[in-house]
Structures are given as C-alpha cells and as structure tokens.
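Residue numbers (the numbering used here), protein chains in the order written: chain A, 1261 to 1770; chain B, 15 to 116; chain C, -7 to 171; chain D, 5 to 626.
Before any comments, here is the structure.
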Amino acid sequence: MILVWLILIPFLGGLLCWQAERWGEQAPRWIALATMLFVLVISVVLWLGGDFSLPGSYESQWLLEWRVPWIPRFGIEIHLAMDGLSLILVALTGFLGTLAVLCSWHEIAHRVGFFHLNLLFILGGVVGVFLALDLFLFFLFWEMMLVPMYFLIALWGHSGSPGQTRIRAATRFFIYTQASGLLMLVAILALVFVHYSNTGELSFSYDVLRGTDVPEPLAFWLMLGFFIAFAVKLPVVPFHGWLPDAHAQAPTAGSVDLAGILLKTAAYGMIRFALPLFPEQSAAFAPVAMTLGLVGIIYGAVLACGQQDIKRLIAYTSISHMGFVLIALYSGSELAIQGAIILMVAHAFSSAGLFILSGQLYERIHTRDMRTMGGLWSRIPVLPGFTLCFVAASLGMPATANFVGEFMVLFGTFPSAPVVVVIASVGLVLAAIYSLLLMQRVHYGPEYRPGPLKGPDAREYGMMLTLLVLTIAVGLYPQPLLDTTAAVAAPVAELFTDASDLAARAGEVN
Amino acid sequence: MNGIPMEHGLILASILFSLGLAGLMLRRSMLFVLMSLEVMLNSAALAFVVGATAWSQPDGQAMFLLVITLAAAEASVGLALMIQLYQRYRSLDLDAASRMRG
Amino acid sequence: MEIAFYLSGLVAVLATVGVITGTSPVHAVVYLIVSLIAVAMVFFALGAPFAGALEIIVYAGAIMVLFVFVVMMLNLRPDAERELTWTHPRHWLGPSLLALVLLGALLALLRQGGVSEVIDGELLTARAVGLTLFGPWLMVVELAAILLLAALVTASHVGRRSNPLNRKMTGNRKRGGTP
Amino acid sequence: MMVTPVVLSFLFPLMGTLVLAFSSGRLGARGSSVIGVGSVGLAALATLWAVLSHTGDREIITLWTWISVGDFQPTIGLGVDGLALVMMAVITGVGFLIHLFAAWYMTGEAGITRFYAWMNLFVFSMMLLVLGDNLLLLFLGWEGVGLCSYGLIGYYYQGLDNARAAFKAFVVTRIGDVFLALGLFLVFMELGTLDIATVLTRAPEFWAEGSATANLAALLVLGGALGKSAQVPLHTWLPDAMAGPTPVSALIHAATMVTAGIYLIARLNGLFLLAPDVMLLVGVIGAISLLLAAFAALAQTDIKRVLAYSTMSQIGYMFLALGVGAFDAAIFHLVTHAFFKALLFLSAGAVIISCHHEQDMRKLGGLWRKLPVAYGGFIVGGAALVALPLVSAGFFSKDEILWQAMAADRNGLLIAGLLGAVLTGIYTVRLVLGTFHGEPGSDHARHPEPGTNLITHHLPLVVLAVLSTFIGAWLYPGLGGLFPDAPGEAVEGGHTLLQVLAIGAVVAGLALAGWLFLMRRPWLDDVASKGAGASLWKLWHHAWGFDALFDRVLVRPWQWSVRMLRFDFINLIMNLPALIARGFNAGLVRSQNGRTRSYAVVMVFGATVILLALALVPGGVA
C-alpha cells in the first residue's frame, strides 16, 4: 500500500500547493518541500527496513508489490512493485525533488502555486515510472511526466537567443519524447497481441509478457521500438537535439529535475523493460548500441567544449556521461551494470550540483553566457570552491561517485569489448577538457566585470554541502548502493550470457 | 414492337444524368447550376420509374415521389441562397464568392 | 408506344442540351420545362401514368414556376458577354470529357448488369402506388413531409429581403431593405 | 580503524586541507600557514615514528573494502614496506621543509589559505599514491596529485597563461592516466585482481616472459608513468608548469609528483621483468629525455625553466636505471635528487622574491655577495646536480646508475649518461654564473632584499644543503632486499673504471663551461646570435619543437573540430521530418482555391474513378 502512497503524495501535494497560492507565496513552497521530504523519508525508511537478498531466496524478487485489476477486459492491472533499483531511484527522485524546490525558492516569483503543481506532478509521474510494472501503467506514467515538464519550460523558462525561444524548446522537447513514446506504445501493443495470439490471454503484465516468444523478425522491431523510446530520453546522439535547448531554457528546478531524474527513467526503462523483454535481440543489437554510446561520449564532449551558454555545456556533458551508461547496459557484465547504476546516481548528483550552481550564478550576474564571465573566483566567496568540487566530480576524479561508476563500467565492459573501452577512455580525457574549460571560462582568467558579489546564503550552502558530501560518500563507500542493486544487476547480466549461448545453441541447431 | 427493353430507359437516364453533370461543372452562373442539378435529379427519378415499371413494383414510383419532394426542397433552398448571392455580390457568378480560400 | 418513348426521350435530351448551352436564363428555364414535360411523356409511354402526372404537376408545375419567379424577380439580363468569354475550349473541355467518361462507365455497367426485363406496357395503377405509400412506407412519407417543412423554413429565412445580416452589412449605405 | 602511525601520517594533511578549505577566509595568512605547515610537520613526525617502528616485512593495513561486486574487490588498503616508507620520508620530510619555506615565500600573497589547502591535499594524495597497496587506490592518489598540480600551477589564476599552463598540465597527465587506467583494466581482466602483491605473484604464472599481454600491460603502465614523470612524449607540460609559485615547483615538479612514475615502475617491477623489451624501452626513453632536456636547459633564460629541464633530465637518469633493472639505484637517485633539486628550486625562489619576481637570468647577476644563503644553496645544490665526486650526494646515486648501466652492458645508455653528465655540468655552471656573477642586469638585481627570517628562510635551505651532501647519500637505507638483484651484483670488476669515467666527464664538463663562460663569453654570444648557432639555440630554447609539434598535430585540429561542430549538425537530421511536413503543406494548400466549381469537378472525378473501378473490375457488379 505504501507504493500507492509514494505515487499519490506528490500528486496530492501538487494540488495542495496550487490551491495554497491564495494564502501567500511562501505556502506552496513549504508544502512542496514537505511533500518531497515525506517521499524521501518513506523511501529511506523502506531502504533501511528492506533486506536485499538475491532473488534465489524464497520470496519473489520484489521488495514490495501491490496488485489490483484495473481494466480486466484487457488484462490491465495496477501492478506496482519495488526492488533495489527502483527503491534507489525513488529515493533519488525524492532527494532531487527537495533540491529542486529549494533551489527555486527565490528564483520563481510569478504563479508559484502552479509552478509547484507542475514540479510535483513531474516527480509523481517519475515515481510512477519507477514503480509501475504493468506495461500499460508504465506507459501512462511515461507520458504523464511530459506535460508538466512542457509547462515548466514554457512558462517559467528564460528565453535564450531570440531564435531559440523557450516555447520552441519546450515544444521540441515534447515532440521528441512524445513521438518516441508512441513508438514504445506500438511495441507494447504488438507484444500484447502476439501474446494474445499465442496464448489467447490478453494481458499487459510484465512477467507474463516476458515469457512470450515473438517471431524473430518482429521481435527485433519491437526491441527497436523500445530502444528508440529510451534512446531519445537517454539521450543517445542522433536523438539528443532536445536536451541542450530544454536545459538552456528551463528554470533551474526544471534543469535539476530534467538532468537528475528524467534521464534516469530512460536508463531504468532499458534495465527493466528493453533488455529483459527481448534478451536475444538486445544481445544482437549490443554492438550497435555500444557504438552509439561511444559516439555519444565523443560527440557530447566535443560539442560541450564549443558551447557559450553554461547550461548548454552541462547539458552536453550529460550526453557524454550517459554514453557510458548506454555502453554498460549493453555490455552484459554484472560489474558494468552495477557501475551504470552508480554512475546514474553520481551523474544525478554532479549535474544537479552544476545546474544549481549555474542557477545561483544566474541569480547573481543575470546571464548564462560564459563570454561575459571570468575571474569569478575572487568575486564570489564560496561558490567557486563548490563549482571546482563538482567539476572534479564531472571529470571523474577518484573519491567521487562518478569515478566509481565510470571505472566499474569500464572494468566490467573491458573483457567483452576492449576496443569500446579504449575509445571510451579517450572520453575520460575529453571529460577533463570540457570540465576544466567550464571552470576556466567561468571562475579563472581575468575579471570580466569587477565588484564583489554576495556569497551563498544558508539554503544554498546547505544544498551544495549535502550534494558534495553525498558524492564523496558514494565515491568512498558505495557498498550500500551496490548491495541494494546486486539483486537487479545479476539477472540482467545473465540475460546476455544465456542469450548469447542461446544464440550460440540456436546457431548450432540450424 | 414488343415493348421497350429496360436498358434503353436506363441509358436515357444516364445520358440525362451526365448532361446535367456537365452542365453543373460547366456553367458559372448559379441559376444554370441549379437547373442542371434539377436535370440530374430528374434523371435519377426516371431511372426509378423505369425500374418500377420493368419489375411492375409500385415501390419505384413511391421512391419517385420522394425524389420529387427532395427536388422541390432542394430547389427552394437553392434559389433562396441564389437570392442572397445575388444581393451580396450583385451577380450570380459562383467564382466571385471564393473567400473560403486555403 | 415505343415510338412515343424514343421520341420523347430524344426531345428530353435535346431540351437538356439547350438548357446547358443556353445563354439567357429565361430560355434556359423554358428549355428545362420542355425537358421535364418530355420526361413526363416518357413516363406515360412506359405505362406509369401516376408518375407522369406527378412529374407535370409537381416538377414542371411547381418547381419550374419557382424558377421562373426567381428569374423574373432578379430580372437578370443575359450576361452574354461573360458567357462568350467563356467559350475558349480550355474551360469546357475538361468537365465535358469527364462527363463523357462517367457516361461511358455507366453504360459499361449497364451492359454488364443482368437487366433484361422488357416493359410491355401494362399499367401500374396509382392505387397500387398509394397502397405502398401509406402501407410499409408510411414513415418515409412522414419524413418527406418534415423535409419539406425544413426546406420551407430555410428558404423563407434565407431568402428574406431585409436580412438582419444583410442590414448590418449594408447598414452604412442606406436604410431600407431593397435587394 | 587502527590509529597506527602510517594512518596518522596521511590523515594529518587531510585534516589540514579540510580545516583550511572550510575555513573560507576566517583564518588569516598566519593562521593558515601555521596549520598548513603544522599538518605536514606532524605527518613527517608520524612517518618518522612509522619508520622507526617498521619491522622490515611488508605490512598491510586494510581500512575498508572500497567496492565489492563479484570478484572485483578493491580495498582501501595501505601497504607499508621499505619502498613506501622511503617515499613517505621524502614526501613528508622535503615537503615539510618546502611548506616552511613557502610561509616566507608567500608572505603578502592573496589567498594563502587556498594555497596551503591545495598543498596539504597534494601531500595527502601523494601519501595515498605511495601507500596504496591496491592499484585502484594508487590510481586515486595518482589522479588526486594531478588535480592538485592543476590547482597549484593555476594559483595565480588571474593571468590567462597561468591558467592555460595548469590546463595543459592536467590534460597531458590525464592522457598518461588513461594509459594507466587501460593497464589496470588489462591487469584485472587477465589476473582477476588489482592487489599489487597478488598481481606480482600471479603475473609470472599467467603470462610467459615476453608474451604479448605482458608487453602490453607493461607498455600501458609505462605510458601512465611517462605522463606523470614528464618523459619524452608527454613532457611538454613540465616547463610550462613553472607558472606556479616556486615552492609548488619545488614540491611537485622536483621532489614528489614527477617521481610518481618511477615509484610506479619500481613497485610493479615484476611486470616489467616479464617484458624485457619494454624494460629496454624504458631505458631508451630515459636516455632520450636525459639528452633532450640537457640540451634544452642550455638555451633557457628563465632560471626556473633551466631547473625544470634539469629535473626532466635527472628523471631521465632514473628511467635509465629502471631500464637496466637497477630499481634500487633509481630510488636512491630519486631520493638524492629530491633533496638537491628542492634546494635548487627554493634557492631560486629566494632569488626571485629578493629581486621582486625577476626570473630572467639576463636581468640578474652580481648577487653572490648580496644573497649569500641563496648563493650557498645554489653552489651545494649545483654540486650535487653535477655529481661533484665524493662530496655531493648526486655523485653516489648517479655513479651507481652509470655503474649498473655498465654492468648490464647497455653501453648505448652508458654513453648517453656520460654525455648527459657533461651537459649537466655546462648548464649548471651557466646557471650559477648567469644568476650570481657578472654585472646586475636590472635595478631589481642591483639592490635585492635578501630573506632574513631565520626559520622560514634559512632553516629549510640549510637543512636541504646538508642533505645534498654525502650525508644525504649516507642516510639512504639500501632497498636492495625489496627488488630483484640489480645487474651490478653479478659483475665484480670495472666499477673503478666506471668511476674514473664518470669523474672525467664531470670535470670535463665543468672545465669546458668555465672556459666558455669565463674566458670566451663574447665569442660564445656572437656564435649563438648568427646563422646556424642562432637557429640551434632557438631549437634548444623551444625544447626541440615538441610543443609546436603537438600544438599543430593535436591541439589545432581539436579546436578546429570544436568550432566546426559547434553547429550541431547531427541535430539537423532530426529536423528532416519537420521539413517534409512543411513541403506537403505547401503543396496541398494550393488545392483549396475557394471556387466551388473546382470542388465539384474534383468530386465528379472521384466518383468517375470509383465507377470505372467498379466497371472495369470483372465481376465487380455481380
């Protein structure tokens, strides 16, 4: 029952904030903060309470499960389930949601209630995505995330250059994800109908659909449908066009959410749906996916160096980081998948940090153009120090979570794809280049405009400190995270091993 | 002569129909368009009656009666519209009233 | 009886051609009346006196009179010059070809179809028609009545001389609802 | 976590950094320098305690398992053995003296807290690097050191070229780090572990000597070492790294960071013994860097750049020693080099501060009477650098290296070493004469303000001077036991012949330099200013043009591609559907021309087509 509450709380909180606007501007903020903290507390309590033994043990692999028939005619049921991976990601959503509310405390002035409604609806949708197990329900939450994000960018964003208005960016974001969502819907329906034709039983449930044997050519296309839907959100290079625009024009809270959690829903989707539903095809598709990941790393890095807008630069770095995740997911090694999960969490922290910092910079110097920044180290007291730490994290400095994630990915993928790892390590050098470029252009160098600026207040300092402490903590002692997701990564890795020997056996047979 | 084969009747109806259709497309003045419309309706009615008498079924003629009522209703509305067209554009040329452009 | 059928058929076709190619509206209307009467003759030739009578009374009598009224009311001068400019083949070639193709298609369909009955002139009495009309077809007759009512309302409203829409449109020029 | 001296030794600098970093301005200049120097001092004491309580065999202290997934179990473990303790002694000992001197050097500078925070973080990372018994933990220290060198080189961040030098240093060393990372991946894949001890035991079992994987692994580790120790291919960052304050150059670019590469190869000697031709490559690279740097040092005008190239050359010697298998000799030279090069850098720092940040030799001169302590430091340091026989520490360690090279009958390397010794003599004499003798080149040099503070100025220089003499060499405990026996043991005779040769080279170098710079100075100047001489001088001045080469081959194409790709062309592909839609729209709009008759025609056309279809399709009507 807690799972339902986990999803309902953000939605109810959102409505409450919306109405609370009548009692003054501060009320929605406090309610939103309370809601997100509540979600965070619940997930942490669940985490401490739950034990994450391997699925081999007696009870099923889900820590918590809640199943109620919803549309019996089509076999659709509200089937929510939580295991190690979804628990961590829900906790991450709660945490980043709290951060998003905190960092937009002064930034959002007009229509505060409606802003928090949208924000909490996004978070509710995301929690739904992480918990939904019924394919139809998953798709419902997948689409539900988009609309409030569209409003967030369109109404509260700040327009970039005249050509690139925020409405255009929001629309581009919406069309990209909506079109790819459609592809996934087609794939889901096709899967269901194939299952129906095989067994005569109409059902959308995850476990049942995992068992359907789909005729070979069709299965590849279905897998592709799922992959493209998640590739657009991840973002993988050819489909990445929306991310920089969305980030450049989104308000800070929007960017934190977007980078922190929405990208992770795609990776989660791949681990939960794309790989297990079509193991053989995914194994066959792995080389292509890995090349896309590599292109993502290199291309993202090269473009990141060329950017003038600080948020666009950070957006492109996210593309580069997510390239690593893509490689890990398709490498089929348990170590790499665990690394990918850690990298997802680490990237959430470091990119959220960088976005919050760029938001704070925007509040002080009212621009995101790096050409008009420089020598801020002496002008702002503490912020540059934090920026340096998060820049170190984003370039994968050891003792930060990014390093643990990236190196576990590379260690895990090396045996199965050494050439991929060699090229990906070139990405490490490029990561150093764009991260230090960010630091160089913003904080070092001659002062563009003199005059001291005010330092961070308690709220900002607290946010930055917690993020930094978490990054270092996961960097030095990631074991708690690893234990919780061990039960998830092992079966996904085996998918590829038995898929490959399945393919091998199939190869001998015919 | 042992009666009129049915095809001839229907052929006559078809000829009248296509003539009406041609008129509909050719003429620019709304009056002529309405009139060719009447001719087409009439040819349809003719086909009904030919069918009725060929199979000696009274339904055909009943249908004929309905066709006529339809023709009457349509003619009256058409003419009313024509009057409005005339008042609006001072001429009956249909192309004048082309404000619904894409 | 066959001669009457073929003769009146021919007259009907010629009259219709006259309607289409006529330049002055009055001539066209008269041609149309002739064509309708010719068709009535065909009905009589086929042995459907009730249909023929109806055709003359309702079709030729009522509808065509309506046309004549409107033509007279709008006292349309034959816009000859516009029709003349319009004789350039480019205008009428396309649609007439299309009509011919349609005719060809209809005829081809007829030839395929298994219509082989022959009309040998026995009459179809009005009584039988009346019985069917008020028998199984009662509902249809009611509907036809409603249709006529609707047409009546529309025609009276749209055709009204001092149309409120119109007054607003021409309000600034001069009061009064002359057409 | 057991509070053993070893753990304390690297916790103190960490505490120092945290206190300084989070003080953010509350600590004044004095407060932060006290904490900065104090923490490294305590670390030095803890190391001393650790050295005294060391029982000889390798002791592992595991703090906690860092990551454990399947068989990937790297731990945060500290391996304490002779080598680690020697390195720790050098880092904390020399480090402490440098921190002390920095207190004097940095008086009046803004942001001392930030300086000491970075310096302490550097010492902490270096200690982790040296103590790490797990390759991943070593890598953690390895990258931490890179980050600190970035922070410290870019200390004067206002100047754009300082920041650019820091950026260059980090990126070039990062390239080396990537090679090391690939080495790690290979080692883990092949041997299944990252723990150094188990790697050294399993390597011979799994890999045959000279096998492809052994060579590849050794090569990758060498790549990492080259990056950090600034050897030939990845050395361009060291001269530019002089943009940082001089104590930084002393600590990072003389004593500790650049020696990390040597420590790594010495630690993984088992790996290199399995790949003999990679070992030879190490020697050859050492020789090449040795000569290249020596020639480059001849044509430098900035004191610190001369010392930078001299560092590169001395590290070339150490690589040469590693190449011939004399790991103990390499570490010995590493230790003595740390002492005398730190002394040289700090003396140079004293000169620079006294002459108001004047670093150009041509503008200095005639200072030997006014800055006696600095002059003394230069003389003793120079002697050790040149390896003045019997007196200086350099003689013992360099002679050992040359002897090992001769014993392993690598004559090519031996000749390079001897030539290097001659060149070292020449550029050292040029440096000392140019800086201290002759006429003062500028008014800064005419009336310098010598450092007077006894503790922070004189003490470090004097202590280092003492260490640079034979006492330093005597202090070094032989680490023979830890390493496989060097080639020297097997050969008896020939040592004295080698010593004669070495001394001859040194004396020849000094004599030649003295004759050139004292007697024939005008002749030398005009040769170096005309035709062939000038171009040679320019070539050496730019260190054989490596920088320009890398700039044209790597940096410029990269910048060009960044400019080209700024306009995200892959994104255009995704605009295709939009363009297609717009095309259709333009086409269809024309069909809506508003004329009813054309609509009628279209309708009839549709009807006819359907009718034709019905008519022509056989049996359509039936």
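For each residue, glycine too, the CB sits at the ideal point set by N, CA and C.
### Message
Looking at the strands, I want to know which residues DSSP matches up with Ile1338/A.
### Response
In the DSSP output, where bridge partners are listed per residue, Ile1338/A has Val1328/A.
### Query
Given Gly518/D, which residues of its chain have a CB within under 7 Å of its CB, disregarding the five upstream and five downstream residues?
Excluding its 5 nearest sequence neighbours in each direction, Gly518/D has C-beta neighbours in its own chain below 7 Å: Val433, listed in chain order.
### Task
Using beta-carbon positions only, say whether Gly45/D and Met123/D come within less than 8 Å of one another.
Remark: C-beta atoms of Gly45/D and Met123/D do not approach each other more closely than 8 Å.
### Query
Taking DSSP as the reference, what is the three-state secondary structure of Ala1596/A?
Here Ala1596/A sits in helix by DSSP.
### Message
Using the three-state DSSP reduction, which class does Ile64/D fall into: helix, strand or coil?
### Response
Correct three-state label for Ile64/D: strand.
### Task
Keeping to the same chain, check which residues put their C-beta closer than 6 Å to that of Thr260/D; ignore five residues upstream and five downstream.
Excluding sequence neighbours, Thr260/D sits near Ile95 and Met130.
### Message
Would Ala585/D pass as an interface residue toward chain C - the criterion being a Cβ-Cβ separation below 8 Å?
### Response
For Ala585/D, the nearest beta carbon of chain C is not closer than 8 Å to its own beta carbon.
### Query
Which whole runs of the alpha helix (DSSP H) in the stretch 1472 to 1531 of chain A are 4 residues long or more, in chain order?
Those alpha helix (DSSP H) runs which fall completely within the stretch 1472 to 1531 of chain A and span 4+ residues are 1476 to 1493, 1502 to 1509, 1512 to 1517 and 1523 to 1529.
### Task
Kindly indicate if chain D contains any beta-carbon less than 8 Å away from that of Ala20/C.
Judged by the 8 Å Cβ criterion, Ala20/C is not in contact with chain D.
### Message
Rounded to the nearest angstrom, what separates Gly484/D and Ala1546/A at their Cα positions?
### Response
Those two C-alpha atoms are separated by around 51 Å.
### Query
Gly1645/A to Gly150/D, Cα distance in whole Å?
In this structure, the straight-line span from the alpha carbon of Gly1645/A to that of Gly150/D is close to 17 Å.
### Task
Give a single yes or no on whether Trp1637/A has its beta carbon closer than 7 Å to a heavy atom of the ligand SAH.
As far as ligands go, the structure on display features none, and thus does not contain the ligand SAH.
### Unbroken beta strand (DSSP E) run spanning Val84/D, endpoints
Following the DSSP letters along the chain, one finds Val84/D inside the beta strand (DSSP E) bounded by residues Thr79 to Val84.
### Query
Are Val608/D and Leu90/C closer than 8 Å when you measure CB to CB?
It is a contact, given that the beta carbons lie within the stated cut-off.
### Query
Under a Cβ-count criterion, where at least 16 other Cβ atoms within 10 Å of its own Cβ denotes burial, should Ile18/B be classed as buried or exposed?
Answer is buried; the Cβ neighbour count reaches 16.
### Any C-beta of chain A under 8 Å from that of Leu275/D
Under the 8 Å criterion on CB atoms, Leu275/D is classed as non-interfacial with respect to chain A.
### Message
Among the candidates Leu277/D, Asp306/D and Phe344/D, whose CA atom is the shortest distance from the CA of Ala330/D?
### Response
Nearest option by C-alpha distance: Leu277/D.
### Run of the alpha helix (DSSP H) containing Met39/B, from where it starts to where it stops
For Met39/B, the enclosing alpha helix (DSSP H) covers residues Met20 to Leu40.
### Message
Please confirm whether Asp107/B has its beta-carbon closer than 8 Å to some beta-carbon of chain D.
### Response
Cβ-Cβ to chain D under 8 Å: no for Asp107/B.
### Message
Please give the ranges of any alpha helix (DSSP H) in the stretch 475 to 541 of chain D, keeping only runs that are unbroken, at least 4 residues long and fully inside the region.
### Response
Within the stretch 475 to 541 of chain D, the runs of alpha helix (DSSP H) that reach at least 4 residues and sit entirely inside it are, in chain order, 491 to 494, 499 to 518 and 525 to 533.
### Task
To the nearest angstrom, report how far apart Phe189/D and Trp1322/A are at their CA atoms.
One C-alpha to the other measures close to 34 Å.
### Query
chain C beta carbons: is any one of them nearer than 8 Å to that of Val621/D?
Not closer than 8 Å to any Cβ of chain C, the Cβ of Val621/D fails to qualify, so no.
### Message
Tell me which residue opens and which closes the alpha helix (DSSP H) that Ser27/D is part of.
### Response
Run containing Ser27/D: Pro9 to Ser27, per the alpha helix (DSSP H) assignment.
### Message
For Pro78/D and Glu453/D, what's the separation of their Cα atoms in angstroms?
### Response
For Pro78/D and Glu453/D, the distance between alpha carbons rounds to 53 Å.
### Residue range of the unbroken alpha helix (DSSP H) whose run includes Gly10/C
Run containing Gly10/C: Glu(-6) to Thr13, per the alpha helix (DSSP H) assignment.
### Runs of alpha helix (DSSP H) wholly within the stretch 1630 to 1703 of chain A (minimum 4 residues, chain order)
With a minimum length of 4 residues, the continuous alpha helix (DSSP H) runs that stay inside the stretch 1630 to 1703 of chain A are 1643 to 1654, 1661 to 1673 and 1678 to 1702.
### Task
Tell me, please, which residues DSSP counts as bridged to Phe76/D.
According to DSSP, Phe76/D bridges with Val73/D.
### Message
Quick check on the DSSP output: the alpha helix (DSSP H) that includes Gly287/D runs from which residue to which?
### Response
Note, Gly287/D: alpha helix (DSSP H), Pro280 to Leu302.
### Query
Between Ala142/C and Ala619/D, what straight-line distance do the alpha-carbon atoms span, to the nearest angstrom?
Inter-residue distance for Ala142/C and Ala619/D is about 38 Å (C-alpha atoms, whole angstroms).
### Cβ-based burial, Asp1803/A [other Cβ within 10 Å; buried from 16]
An answer regarding residue 1803/A cannot be provided, because it is not within the stretch 1261 to 1770 covered by chain A.
### Query
Under 8 Å Cβ-Cβ, which residues of chain G neighbour Gly10/C?
Annotation note: the requested chain G is absent from the structure, which comprises protein chains A, B, C and D.
### Query
DSSP on Asn138/D, reduced to helix/strand/coil?
Of the three classes helix, strand and coil, the one that applies to Asn138/D here is strand, per DSSP.
### Message
Quick check on this structure: which residue in Ala1692/A, Ala1600/A and Tyr1708/A has the alpha carbon closest to the alpha carbon of Arg1631/A?
### Response
Scanning Ala1692/A, Ala1600/A and Tyr1708/A for the CA closest to the CA of Arg1631/A turns up Tyr1708/A.
### Task
Could you tell me whether any Cβ in chain D is nearer than 8 Å to the Cβ of Gly1635/A?
Taking Cβ atoms only, chain D reaches closer than 8 Å to Gly1635/A, which makes this a yes.
### Query
Skipping 5 residues on each side, what residues in its chain have a beta carbon closer than 7 Å to that of Glu1367/A?
So the qualifying residues of the chain are Pro1511, Thr1512, Gly1619 and Glu1623.
### Limits of the unbroken alpha helix (DSSP H) element including Trp1307/A
Run containing Trp1307/A: Gln1286 to Gly1309, per the alpha helix (DSSP H) assignment.
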